[in-house]
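Peer 1: Residues are numbered in this note's numbering as their position in the sequence shown, beginning at 1, plus a constant of 8. Beta carbons: idealized from backbone N, C-alpha and C, even for Gly. Encoded as structure tokens, here's the structure I'll be asking about.
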Amino acid sequence: METPPPTPLSFTRSPWHTPSRPAEKSATQAIDEDWPRQCRSVSRPIEGTGANMSNIVDIIQSAQGGQIIENLSDRFGLASWQTRSAVESLLPALVAALRKAAEEPDSLRPVLDAANDSAHRAAFESAEEAHSQASVEGGDAIVAHLFGSASAAGEVSQFVARDSGLRADVLQRLLPVLVSVAAGGLGSTLERQSAAEPPAPTPAPAPAPSGGWLSALFGTLFGTKPAAQPQAAPPAEPVDALEAALTKIRETLAPAAGAEQQAGLDELLGRIFASAKG
């Protein structure tokens, strides 16, 4: 029997709600029927930018030869629709954390470093490697960095569990694996994009501090084209270029969840981040 292609992840419907399923149908029967089709369209464009959330979704969807949902389901003992719901519920929290981190560019540098880490690259390619000690510990480190601490990430998992219908402990175990896979996929994508770009005819002057990699990182994640770097700039321009990049990023990082859930998520992260700074 041929294995059906994996169902694409999507934010077209609110990812915070898992549609109810008839009690008499087994998980296997439910997976084979039409329910997943309501999640198949790629997410809506972000108003005013033409960008969409599909790139980060595509990175996850293509992981491990396109079998990421099935592999995670086997590992965590979940039905495929439960794993898909978990991933679609966790991604808005990850996006929100990245959006918060964009307010301080240097806080994103560890994310880029992780994207170049061989353990995360391996996690993107292999289900077995995704659960290796190096990948999980690396994923935990990224999660703790983005959310401020492991306990804060636990709060986020509890928040997501409230609306996803999945247990918080399962989400908390899944999150570092998902982040490790995403980091590895991001690194691979950036590498391919860099290799595909034609070399510049003449070397450009030193770019704005962190503005270039920041634009490339978010361009890959959120489908925006990095702004062209100026060939020459007065001493004050690097700061202006960085601020322009950050402004573009803040405009581009539209909420991935429904308005009510996003407001609650922003409130939670705001409190977590304020506590970490205090």
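Alpha carbons only, please: which of V168, L182 and N124 is nearest the one belonging to R200?
Peer 2: N124
Peer 1: The alpha helix (DSSP H) spanning G162 covers which residue range?
Peer 2: A158 to S172
Peer 1: Taking all protein chains shown into account, decide if Q141 is buried (16 or more other Cβ within 10 angstroms of its Cβ) or exposed.
Peer 2: For Q141, the number of other beta carbons within 10 angstroms of its own is below 16, and it is reported as exposed.
Peer 1: Among residues of its own chain, excluding the 5 on either side of R175, which ones have a beta-carbon nearer than 7 Å to its beta-carbon?
Peer 2: A169
Peer 1: So for L102, helix, strand or coil by DSSP?
Peer 2: The three-state reading of DSSP puts L102 in helix, counting H, G and I together.
Peer 1: What is the residue span of the alpha helix (DSSP H) that E136 lies within?
Peer 2: A135 to A138
Peer 1: Would V151 and V185 qualify as a contact pair, given that the criterion is a beta-carbon distance under 8 Å?
Peer 2: Going by C-beta atoms, V151 is not nearer than 8 Å to V185.
Peer 1: Identify whether L86 lies in helix, strand or coil by the three-state DSSP scheme.
Peer 2: Here L86 sits in coil by DSSP.
Peer 1: With a threshold of 6 Å on Cβ separation, who are the neighbours of T91 within its own chain once the five nearest residues in sequence on each side are excluded?
Peer 2: I77, L80 and S81
Peer 1: For P118, which residues of its own chain have a beta-carbon under 6 Å away from its beta-carbon, when the five flanking residues on both sides are left out?
Peer 2: H153
Peer 1: Report the CB separation of I280 from G193 in whole angstroms; it is logged as a contact under 8 Å.
Peer 2: About 26 Å; that fails the 8 Å criterion.
Peer 1: CA-CA distance, L179 and L98?
Peer 2: 8 Å
Peer 1: Helix, strand or coil, according to DSSP, for F155 in the structure here?
Peer 2: Helix, per DSSP.
Peer 1: Could you name the residues of the same chain whose beta carbon sits closer than 6 Å to that of V189, not counting the 5 residues immediately before and after it, in chain order?
Peer 2: A71, A131, F132 and A138
Peer 1: Pick helix, strand or coil for Q75, following the three-state DSSP scheme.
Peer 2: coil
Peer 1: Thinking R129 and S196 are a contact (beta carbons under 8 Å), I'd like their distance in whole angstroms, please.
Peer 2: R129 to S196, Cβ: 6 Å. Contact.
Peer 1: Answer with buried or exposed for S28, where buried requires no fewer than 16 other C-beta atoms within 10 angstroms of its C-beta.
Peer 2: Unreliable placement is indicated for S28, whose pLDDT of 41 sits below 50; the coordinate value is still reported in the next sentence. It counts as exposed.
Peer 1: Going by Cα to Cα distance, which pick from Q75, G74 and I64 is closest to V103?
Peer 2: I64
Peer 1: In whole angstroms, give me the CA-to-CA distance for K108 and R181.
Peer 2: 23 Å
Peer 1: Compute the distance between the beta-carbons of L276 and V95, then report whether it is under 8 Å.
Peer 2: no
Peer 1: CB-CB under 8 Å to D42, same chain, minus the five flanking residues each way: which ones, in chain order?
Peer 2: Residue confidence is low: D42 scores 35 on pLDDT, short of 50, so the model does not pin down where it sits. No coordinate-derived value is stated.
Peer 1: Quick one: using the 10 Å Cβ neighbour count with 16 as the cut-off for buried, is S143 buried or exposed?
Peer 2: buried
Peer 1: Report the residue from G74, G278 and L198 whose alpha carbon sits nearest the alpha carbon of A135.
Peer 2: Ranked by Cα distance from A135, the first of G74, G278 and L198 is G74.
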